[in-house]
Structure formats: C-alpha cells, structure tokens
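In this note's numbering, the protein residues as written are 98 to 581. We put the beta carbon where it would ideally sit given N, CA and C, even for glycine. Being a predicted model, the structure only gives us computed values, none of them experimental. Worksheet: the structure to be examined is printed underneath.
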Ligand SMILES: Cc1cc2nc3c(=O)[nH]c(=O)nc-3n(C[C@H](O)[C@H](O)[C@H](O)COP(=O)(O)OP(=O)(O)OC[C@H]3O[C@@H](n4cnc5c(N)ncnc54)[C@H](O)[C@@H]3O)c2cc1C
Ligand code: FES
Ligand code: FES
C-alpha cells in the first residue's frame, strides 16, 4: 500500500520547492498549469492563445527525473492540470536568462540565437517559441533543419514568419550544457526531497475529488469507488472538456504517475507498449524497429502534444479521425484490459465498437497495447491526409499492410480513418485483392471497389467526394511504394 499525500502537491519553480494546498487556496486540482503560472507576478511571459493545444503560446518545459537523470520536454501548459507536475520542475521563459556576479545578466543561448536571427516581431508567440527551442537545445545537439521544424511545428506566429526562427534553431551549438545542466544535481536533490517517500495523491475540495495513484491496482480501486470518475493519462483530450466546454470535472483519476503503465518491453514476436507511454517516448523505442509507427507519430499533432498524449488515451478516445487506430488495425494489434479480478486481451478491431464507443468495462483500464512484429515479407504504411501536415486532424487516414507470396497477395489489411463513424476496414476490397497478383490492373479495379465501400460525411475538413477519391488514391500510392 503506497502512502497518500492529502490535498497538496509539490514541484520546483524558480529553483525552489513550491507547495500548493488545494484546500487552503483558490486553485482547483484541475486548474491548468497555464492559468496558475499567469496568476503569478513573475511568470506572465507564458501566454494564452487558444487554450486547446493548437498555438504553442503557452509552451513551458517540464524537467523530470528518470533513472537518475533529468529529461526536459516542452509541453502546452494549457493542457496540463496542476497535479500532473507533482515531483517535477517547471521551467518558463523567465527562468532562462541567468545572472552571474562576474557577467551580470546572461541570456540563454536559445534567446541569443533567436535575437540574432531576428526571430521576433510583436513578441506574442516568442516565449512559446523560446521554450520550444529550449526543449530542442536540451534534447538535440547541433540540430538540423528537419529537427528544428519538428520542435517548432506546434508554435504559431502571425507576424515574424518561420524562417528566422528555423535559422535560430539551426544555429544552436553541439554542446548543450547550460546553467540548467550545472544545476542538475541540486534539482535532483529537490525532486528527491519531494518524492521521499513517493506518495499517491488524493485531493478533496468542496467541489472536486482528484486522485493520482501510483499503481494500477490503486487506480482500479479508485475506479470501483468512483464509477463516474473521469480517467486521464496525458489529458490532451480531457482537459478540453474543462477549457473549451466549461465542464466541471467532479471526480478525476489521473494515471500519469503510474510507472508500470509507461513500460515498454519486447520479445522475438511482439512489442508491448504501456498504455500510459507518451507518443514521443514510443518513438524513441520504435524508430528503428517499426518505422511505420514512428511515421504515424511524426504526423501526430505537435512535439508539445506528443510529449503528453498517450497511446492508451488515443485508443480509448475511439475517434473516427484518430491516427493510431487505423495503423493498429493494420498491424493486428491488441489491447490488454485489466480489472481487479482479471486481465483480458482484445484485438483493437474488436475493442472499437461504434462511434467513440469501446468494449472497455466500467471496472477496467487499458494496461498495454501489444503489436505483433511484422514479418520480413510484409509491407506496412500509414498515410494521413489533412489540410496542414502538422497540428491538424486527418481528413482521411489509412493503415495498410500487405504480405506477398511471389507476386500474389497472401494477406492484405486496408484500414481507413475518416471514412465512417469508426475506423473501418475495406473488407470487400481486401477480399477482391486476396490471392490476386499485386499489379496495377488489380489496383485500378480495387480503387473502384474501395470507393463503393464507404459513404463518408462532408464536414469542415473535407467533402464526401474528396474523401472517397483520396481513399482510392491512397491505395494506388501504397501499390506504387511497394512494387519491387
Ligand atoms: C491540439 C491537438 C492536436 C491533436 N492532434 C491529434 C492528431 O494529430 N491525431 C490524433 O489521433 N489525435 C490528436 N489529438 C487528440 C489527442 O491528443 C489524442 O487522442 C491523445 O492520444 C489522447 O491521449 P491522452 O493521454 O492525452 O488522453 P486523455 O485526454 O488523458 O484521455 C483520453 C481518453 O482516454 C481515456 N483513457 C486514457 N488512458 C486510459 C487508460 N489507460 N485506460 C482507459 N481509458 C483511458 C480517458 O478516460 C479519455 O476518455 C489532438 C489533440 C489536441 C488538443
Ligand atoms: S494556449 Fe494555445 S497551445 Fe496552449
Ligand atoms: S512575433 Fe508576433 S505572433 Fe510571432
């Protein structure tokens, strides 16, 4: 049984431990980090633009301890509830410049780089841009243009234009030491002070209950006691209920502190990914082994979102325009659902029941996602068609897999997102292709069948005709990319 901390959280800000006692202050456990920071006199650099993860103006960096070292990640503070930063360091734009007795005020190298590249005009987006560049500086020594773009694609700017910001990022040095590096031992000591002993958190205010367990069993127990509780992992979906729909989240069970949900293991035949793993952490594990998965993640939202958003949260949301699900269909992945009495494994295809409805029972949580390792003779692709490459929702997405024997199609899975109320396989097209040669004539026929299989909606993202045409064209793209 882990110890429980009641009503308080602690984190590091401005090099000091800050304690928030929710019962004796006006903050709620679901107050966002953005709102909290902006309530402080010395952290108004963090800006609110959209309050829904789209603009990056609220970007801050969270530093956390893993295996004795500090890891830095840029996140959208508008999506983070305060208890999610317990035991971590929050770094804002105000913390970057550093004063020494010898040299006076010294800008951080990323601030100097942005200034020298003329990377700011009105300045509204600048604190967020600086913090994204700081995340880049701490993670990628001497970044190239692609890496800079990857770190900046969650930051919108309406006046400067992105080239100077990219130039600033590309000029960052290979040596990424700074005063944060020099101070890490002290930061680790502060983190240890907070986490000794490590405690789960229970916050009860007059209007809300917020639980942050350390184990799955505690989470399941809390779920049993509070069947109506909102579950969250990365909160990139859930936080919008509050910030956009103005819902009061009365009871929350926050899974973000459960280490076992963030484990990754593999055997000769499968990858097992903890449901609480953030997409960016999955990229690090799979980039050489399952490039199709990291391609899906590359196109998913922005760096700041991917640092928070979990794979379990993505599947559980069961949205028809969700990116992971079509790919997981095509990879024949399954989910492990855990209750206090049993574990059961279900294919992702059987897990998705209907529009935003899954097979999860009230007493269950998703524990992990199991992906069979594709055979050598298998080709897998993920395609996402959207109006913008990044921070955009798919108009149509597709996860395809193909196994050939000679030139004959031994197995084919064509899973589409954005074409129906749920992710759906084009089974008639699959059946038509099965056993046939993988050639252009058959693909052209298959393109006609796939168009007949779906009756997609027209909405703000795309018209039904456009979606139907794209679904067929993606099949041709797959063919052209996989012919020997
Ligand atoms: C700006 C922006 C851009 C986005 N872009 C994309 C995109 O490109 N592609 C895309 O697919 N999605 C996108 N999303 C949606 C969202 O980021 C993803 O669905 C994300 O993966 C959700 O994960 P999370 O951990 O943040 O989930 P949360 O918000 O914490 O939870 C989402 C749902 O999952 C449930 N849940 C979470 N963990 C578990 C668990 N272990 N067991 C059972 N239920 C659980 C929660 O109860 C909730 O219903 C975007 C969101 C934003 C705000
Ligand atoms: S305020 Fe726009 S991303 Fe947070
Ligand atoms: S400098 Fe004005 S929004 Fe970027």
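{"Check": "Rounding to the nearest angstrom, what Cα-Cα distance links residue 401 and residue 355 in this structure?", "Outcome": "21 Å"}
{"Check": "Does the distance from the CB of residue 510 to the CB of residue 527 come in under 8 Å?", "Outcome": "yes"}
{"Check": "Helix, strand or coil for residue 490 per DSSP?", "Outcome": "coil"}
{"Check": "Thinking residue 320 and residue 350 are a contact (beta carbons under 8 Å), I'd like their distance in whole angstroms, please.", "Outcome": "6 Å"}
{"Check": "Let me know the alpha helix (DSSP H) ranges lying completely inside the stretch 397 to 421, each 4 residues or longer, listed in chain order.", "Outcome": "400 to 403 and 408 to 414"}
{"Check": "Helix, strand or coil for residue 351 per DSSP?", "Outcome": "strand"}
{"Check": "Taking only the alpha-carbon atoms, compute the straight-line gap between residue 276 and residue 199 and give it to the nearest angstrom.", "Outcome": "14 Å"}
{"Check": "At a cut-off of 7 Å, would you count residue 254 as near ligand 3, judging by its Cβ distance to the nearest heavy atom?", "Outcome": "yes"}
{"Check": "Alpha helix (DSSP H) containing residue 252: first to last residue?", "Outcome": "First-last for residue 252: undefined, no H or E at that position."}
{"Check": "Look up residue 469 in the DSSP assignment and give the residues it is bridged to.", "Outcome": "367"}
{"Check": "Determine the direct distance from the alpha carbon of residue 398 to that of residue 388, and round the result to whole angstroms.", "Outcome": "18 Å"}
{"Check": "Put residue 505 into one of helix, strand or coil per three-state DSSP.", "Outcome": "strand"}
{"Check": "So what does DSSP say about residue 301, is it helix, strand or coil?", "Outcome": "strand"}
{"Check": "Kindly examine ligand 3 and report whether one of its heavy atoms sits closer than 7 Å to the Cβ of residue 220.", "Outcome": "yes"}
{"Check": "Express the C-alpha separation of residue 379 and residue 369 in angstroms, rounding to a whole number.", "Outcome": "11 Å"}
{"Check": "For ligand 1, I want to know if residue 352 counts as a neighbour, meaning its beta carbon is within less than 7 Å of at least one of the ligand's heavy atoms.", "Outcome": "yes"}
{"Check": "Give the straight-line distance between the Cα atoms of residue 313 and residue 552, rounded to the nearest whole angstrom.", "Outcome": "41 Å"}
{"Check": "Is the stretch 131 to 151 close to the stretch 334 to 349, with three or more CB pairs under 8 Å?", "Outcome": "yes"}
{"Check": "State the Cα-Cα distance for the pair residue 531 and residue 572, rounded to the nearest angstrom.", "Outcome": "14 Å"}
{"Check": "For residue 240, which residues of its own chain have a beta-carbon under 8 Å away from its beta-carbon, when the five flanking residues on both sides are left out?", "Outcome": "233, 248, 266, 267 and 269"}
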